[in-house]
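**Student:** Structure provided below as structure tokens; questions to follow.
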Amino acid sequence: MVLNGERGIDEYDMFAVLIKICHAENWCRLFMKMDMEKKQALVQRTIDLLENLKESWGAVDGTMQPWV
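FYI, the working numbering numbers position 20 of the sequence shown as 188, with every residue one higher than the one before it.
Structure follows, in structure tokens:
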């Protein structure tokens, strides 16, 4: 990937992207097989984790940026 214009995308980057896509597809299949109660619990837990992260960073404007 391009970092400050220093290098382009190489095979390692493409492999990493493919792994992430496969991981996302596997999670999607697993999520679709869950019953509604488990789906709701997982979504709520994710929302709670994001809210805790936002609070721990001290962000007040919704940008997830910490105060400096």
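Ideal Cβ positions, reconstructed from N, Cα and C, are used throughout, including at glycine.
Give the DSSP-derived three-state secondary structure of Met204 in the structure shown.
**Tutor:** Residue state, collapsed to three classes: helix.
**Student:** Straight-line CA distance for Leu186 to Cys196?
**Tutor:** C-alpha separation (whole angstroms): 15 Å.
**Student:** Taking only the alpha-carbon atoms, compute the straight-line gap between Arg150 and Glu205 and give it to the nearest angstrom.
**Tutor:** Since the first residue shown for the chain is 169 and the last is 236, residue 150 is missing from the structure and cannot be characterised.
**Student:** Would you grab the beta carbon distance between Phe199 and Lys188 for me? Rounded to a whole angstrom, and I think it's under 8 Å.
**Tutor:** Contact doesn't hold; Cβ gap of about 16 Å is too wide.
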